[in-house]
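Numbering (the working numbering), first residue to last: 1 to 113.
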Amino acid sequence: MSDTIFGKIIAGEIPTPKIYEDEHCICINDIAPQAPTHVLIIPKKPIATLADADQTDQALLGHLMLAAGNVARQLGVENAFRLIVNNGADAGQTVFHLHLHLLAGKAFEEGMV
Ligand code: AMP
Numbered sequence: 001m002s003d004t005i006f007g008k009i010i011a012g013e014i015p016t017p018k019i020y021e022d023e024h025c026i027c028i029n030d031i032a033p034q035a036p037t038h039v040l041i042i043p044k045k046p047i048a049t050l051a052d053a054d055q056t057d058q059a060l061l062g063h064l065m066l067a068a069g070n071v072a073r074q075l076g077v078e079n080a081f082r083l084i085v086n087n088g089a090d091a092g093q094t095v096f097h098l099h100l101h102l103l104a105g106k107a108f109e110e111g112m113v
């Protein structure tokens, strides 16, 4: 398991409520939400950044996307949500264990993406 905060949460060392969990990933509320709904989809496999994923992670990456859609449905935000991956410190990544941010519940401006 990674030595990051997410590795510790996955290992059960830091008790954290799970919105969703399966054999490959967990989903938790972000501790500092940037939107009314702000959850993190985190693979159990400790990949540091998206750029570190390789061909052997293809199915896992697809699994995370499907989990995001399922969690969005579970939370009732499937009609309007945004998924973000920060890759690298210069892109704002602070926890070096791959994760997807799922944000919903506010108006998103067009522009950046
Ligand atoms: P990033 O900046 O993309 O690496 O995102 C890391 C995210 O993890 C930030 O949005 C933090 O608020 C969030 N975070 C850090 N520690 C925890 C924690 N213990 N539980 C839930 N979210 C956390």
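All residues carry an ideal CB built from backbone N, CA and C; glycine is no exception.
Since the model is a prediction, treat every value here as computed from it, not as a measurement.
- Residue range 37-43 is occupied by the beta strand (DSSP E) that includes His-38.
- Taking 8 Å as the cut-off, the beta carbon of Ile-14 is found no closer than this to the beta carbon of Ile-28.
- Within the stretch 6-91, the runs of alpha helix (DSSP H) at least 4 residues long that lie entirely inside it are, in chain order, 58-75.
- The DSSP-derived three-state label of Ala-107 is coil.
- Check the Cα spacing between Ile-31 and each of Thr-16, Lys-45, Cys-25 and Ala-59: the tightest is with Thr-16.
- Ala-59 counts as exposed, since fewer than 16 other beta carbons sit within 10 angstroms of its beta carbon.
- With a cutoff of 8 Å on beta-carbon distance, His-99 and Ile-19 are scored as not near each other.
- A residue is called buried once 16 or more other Cβ atoms fall within 10 Å of its Cβ, and Ala-67 is buried on that count.
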